[in-house]
Each structure stands twice: as structure tokens, then as C-alpha cells.
Amino acid sequence: MNKIRRFGVLMLLALAVIFGVAFYGSTQLANNNLRALAKQRGISIGTAVQMQVLRNDQSYRDLLVRHFSKVTPEYEMKFGPLQPERDRFDFSAADGIVAFAKEHDQEVRGHTLVWHESLPNWLTEGKWTRDELITILQQHIKTVMGHYRGQIGVWDVVNEAVAEDGNSLRDTVWLQKIGKEYIEMAFRFAHEVDPQARLFYNDYGGEELGKKSNAIYALVKDLRQRNVPIDGVGMQMHVGIKNPPNLEKVAANFKRLNQLGMEVQVTEMDVKISDGSGTIMQRLTAQSEVYRNMMQVCLSAQNCQGFSLWGVNDRYSWLPRFLKKPDAPLIFDELSRPKPAYEALLEVLKKS
Ligand code: G3I
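Residues 1 to 352, numbered by my numbering, are exactly what the sequence shown covers, in order.
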């Protein structure tokens with residue numbers, strides 16, 4: 001009898017150790033996992049993805065699934081890729097991203113229905129009347145949002161419609177041919193297709209109080225006052241260590257948008273370091289502080305529920321191509337290794 005009792009006790013001890021280790025391991029995983037920590041703080045953390053890379057790079061996929069609960073197609077869901085010829089829609093690449101997100105319980109940000117870039121040649125080269133272009137706009141929005149209804153809950157309906165200096169609307173084909181009403185039309189068309197979707201205006205350079213953010217504030221205030229269905233403002237947050245955003249001014253901007261009943265999301269954050277000074281380690285430390293501070297602003301704001309980066313790791317960032325010089329703007333390096341910015345986000349998310 002004693003032998004059996006001893007064996008039973010040993011078995012119980014062994015099970016306790018196994019479960020203890022498993023629990024510790026899962027806690028550690030959660031503790032080093034942006035996605036789980038962000039969820040505990042009530043926000044989603046996302047990033048931009050490229051279908052081509054998703055197909056071919058395992059470390060990219062692993063990072064994406066482990067650390068991000070939301071994905072934004074970096075290019076595949078724009079006007080040109082989706083409607084390369086008039087009335088011919090190609091959803092294949094975008095559907096691949098949506099399917100991947102669904103498989104990994106990730107939300108998708110629809111990006112973007114109306115922009116002045118990545119438009120197909122048939123649209124930019126066409127000689128359209130106002131009514132013809134309104135019809136094109138309406139058909140694109142209805143077809144795309146209809147295709148994704150129930151799969152995509154938040155859309156960047158209009159992207160970068162305000163001029164950089166904040167003095168006017170950006171001079172685009174939409175403004176030239178339709179007039180400023182195109183913005184209101186886009187939101188109303190979008191809401192008609194999917195009344196459940198949250199509809200955003202998305203822009204860069206309007207994160208903190210200033211001329212451009214004042215123009216964006218005036219735009220969305222006017223839309224809200226005329227009962228145009230708009231739910232939030234996307235703050236792209238393409239910033240740098242040389243002139244990092246002023247925390248108080250960003251927080252004040254988020255607050256005044258909250259008073260309008262608008263949600264805000266950080267939608268495309270990256271922090272360039274090539275324009276900074278100092279050693280690489282000093283630059284990466286400065287970069288980590290910008291990420292930490294912006295996450296803290298989002299966590300502290302009543303109306304900031306989403307925080308997205310613009311890329312999974314430095315290897316696939318758009319910025320070096322755009323700047324035509326090396327840079328390392330994201331939180332994982334060229335080889336998918338964590339950088340100080342990743343550690344900074346972990347720390348700020350762990351604080352209660
Ligand atoms: O995939 C095609 C390829 O098939 C073709 O051979 C090649 C020929 O040029 O083009 C490839 O597409 C490129 C695409 O990125 C995918 O890599 C486009 O040329 C290129 O213009 C496109 O750049 C994207 C840019 O938006 C324009 O759509 C960037 O990756 C993307 O990071 C950038 O993201 C924007 C946001 O949407 C809005 N906010 C600013 C942000 C940075 O500009």
C-alpha cells in the first residue's frame with residue numbers, strides 16, 4: 001500500500017511541476033507578446049502587411065501572428081490593385097491577406113478606398129465628367145465594401161485629402177473633377193454599403209496641434225455637424241527621431257477629437273532614424289522613446305483604441321525606398337530580431 005501511495009504522491013508532484021512550468025511559460029509568452037499585452041490594455045496593435053512577403057517569409061509570418069492582432073494591406077486593397085481595368089476587379093491578393101488574418105484571429109483595416117496615389121491608368125488618363133467620376137467613385141466603394149462586408153470592420157475611406165500646409169484640400173483628380181463634396185459622398189456611399197463598418201479619415205502630419213491638424217479637425221467637425229457618417233481619424237504617425245511629435249500636443253489633438261465624438265487610431269507608425277544624429281545605439285534608443293511615448297499617449301487617451309505600425313520588420317519597410325537611403329524605422333530589425341523600440345512597447349504595455 002505504501003508503495004502505491006508514494007507513487008501517487010510522486011505523480012501528483014510531477015503533474016504540479018508540469019502545469020507550473022506550462023503556466024509560467026504561457027505567462028512569459030504573454031508577457032513578451034505585444035498582442036496579448038495590448039489586449040489586456042484594451043487596444044489592438046497592428047501592422048501593415050505585404051501579401052508577397054506573407055507567402056514567402058516564415059519569420060515575417062511568425063512575428064505577425066505572435067505580436068499583432070490587426071493587419072492593414074500595405075498596397076493590395078488600394079484602388080489600382082483592386083480595379084486595374086474599369087469594371088474588372090481583382091481581389092486575389094487582398095483576399096489572401098484577409099484569409100490569413102481570419103485564420104489567425106486578426107482584424108483587418110481596409111486601406112484605402114479614396115486616395116490620389118495608386119490609382120489605375122484608366123482612371124487618371126480618362127476624360128471624365130463630374131457625374132461619370134461620381135459614378136466611378138460610388139461603384140468602386142460599393143463593390144469593394146460589398147465584397148468585404150462582414151469581414152472588415154474599419155475602413156480608411158478617404159486618405160490624405162488635406163494639403164500638407166493645411167491651407168486647403170489637396171489638389172487631386174477627385175477634387176478637380178467632383179469638388180470638395182467627394183469626401184462627403186465617399187463616406188455616405190461607404191455607410192450605405194456597410195452601416196456596421198467604422199469609417200475613418202486617414203492622414204499624416206496632423207498628429208499634433210498645428211495648421212494641418214486644425215484643418216483636419218475643421219473638416220471632420222463640418223462632416224459630423226452635417227451628419228455625414230464618419231467615426232474616426234487615422235493618425236498615420238510617420239515620424240522621426242529628429243523632430244519627434246510633441247506628446248502634449250498629440251494628446252490635446254486626440255482629446256479635442258474625442259470631444260467631437262471621434263475615435264482616433266495610430267494607423268501607420270514608423271520612426272525614421274536616418275535624419276537623427278549620434279551612434280546607431282543612440283538613435284535606436286531615441287527611436288524607442290518615440291514609440292514608448294506615442295503608445296503612452298494612445299493608452300492615456302479615452303478615444304484611442306488602435307495602434308498600428310507600418311511594417312512587420314525593417315527589411316520590408318517602404319521608407320528606404322522612399323528616402324533612397326538606408327533606414328530602420330520599425331520595431332524588429334532586418335532579421336526579425338527585437339529592437340529597443342520593441343522592448344519599450346513591452347514595458348509601456350506592462351505598466352498598469
Ligand atoms: O507590386 C507591384 C509590382 O507587381 C510591380 O512590378 C511594381 C512596379 O513598380 O510595383 C509594385 O507595387 C508597388 C507596391 O508598393 C508594392 O510594393 C508600387 O509600385 C508602389 O507604389 C507601392 O508603394 C506603396 C505606396 O503606399 C503607394 O501605394 C508603399 O509600399 C506603401 O508603404 C505606401 O503606403 C502609404 C499608405 O498607403 C498611405 N500613407 C502613406 C504611406 C507611405 O507612402
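C-beta: ideal position from N, C-alpha, C; glycine also.
- A contact is defined here as three or more CB-CB pairs under 8 angstroms, and the region 36-56 meets this definition with respect to the region 66-78.
- Between G205 and K212, the gap from beta carbon to beta carbon is short of 7 angstroms.
- Going by DSSP, Y201 is part of the beta strand (DSSP E) stretching over 198-203.
- The Cβ atoms of A94 and P120 lie no closer than 7 angstroms to each other.
- If you draw a straight line from the Cα of E164 to the Cα of Q287, it is about 24 angstroms long.
- Counting every other CB atom within 10 Å of its CB across the protein chains shown gives P81 a total of 16 or more, marking it as buried.
- For Y291, the shortest separation between its Cβ and any heavy atom of the ligand G3I does not lie below 6 angstroms.
- In the structure shown, P73 adopts extended strand secondary structure according to DSSP, grouped into three states.
- Where M295 is concerned, there is no enclosing beta strand (DSSP E), although the alpha helix (DSSP H) around it starts and stops at 280-300.
- The region 51-131 contains, as complete alpha helix (DSSP H) runs of 4+ residues, the segments 51-56, 58-67, 79-82, 92-103, 121-124 (chain order).
- Taking every protein chain shown into account, the CB of L335 has fewer than 16 other CB atoms within 10 angstroms, so this residue is exposed.
- G232 has F200, E263 as its beta-bridge partners, per DSSP.
- Around the beta carbon of P84, fewer than 16 other beta carbons sit within 10 angstroms, so the residue counts as exposed.
- By the criterion of a C-beta distance shorter than 6 angstroms, R292 is surrounded in its chain by A344, V348, once the five residues flanking it on both sides are discounted.
- For W155, the uninterrupted beta strand (DSSP E) segment begins and ends at 154-159.
- Within its own chain, the residues whose Cβ lies closer than 6 angstroms to the Cβ of F187, once the five positions on either side in sequence are excluded, are V157, L199, V228, P229, I230, listed in chain order.
- The Cβ-Cβ distance between V271 and V239 falls below 7 angstroms.
- Taken through DSSP and simplified to helix, strand or coil, M145 comes out as helix.
- Spanning the alpha carbons of L323 and T112 requires a straight line of approximately 23 angstroms.
- Checking the DSSP bridge columns, you'll see D270 partnered with H238.
- Buried is the label assigned to M51, since at least 16 other Cβ atoms lie within 10 Å of its Cβ.
- The Cβ atoms of L63 and F332 lie closer than 7 angstroms to each other.
- Proximity of the beta carbon of Y342 to the ligand G3I is not indicated: no heavy atom of the ligand is located closer than 6 angstroms.
- DSSP places I216 within a helical segment (H, G or I) once states are collapsed to three.
- Boundaries of the alpha helix (DSSP H) around V173: 173-177.
- DSSP places Q151 outside both helix and strand once states are collapsed to three, so it counts as coil.
- Going by DSSP, F307 is part of the beta strand (DSSP E) stretching over 304-309.
- P340 sits in a helix when the DSSP states are folded into three classes.
- Per DSSP, reduced to three states, the secondary structure at G46 is strand.
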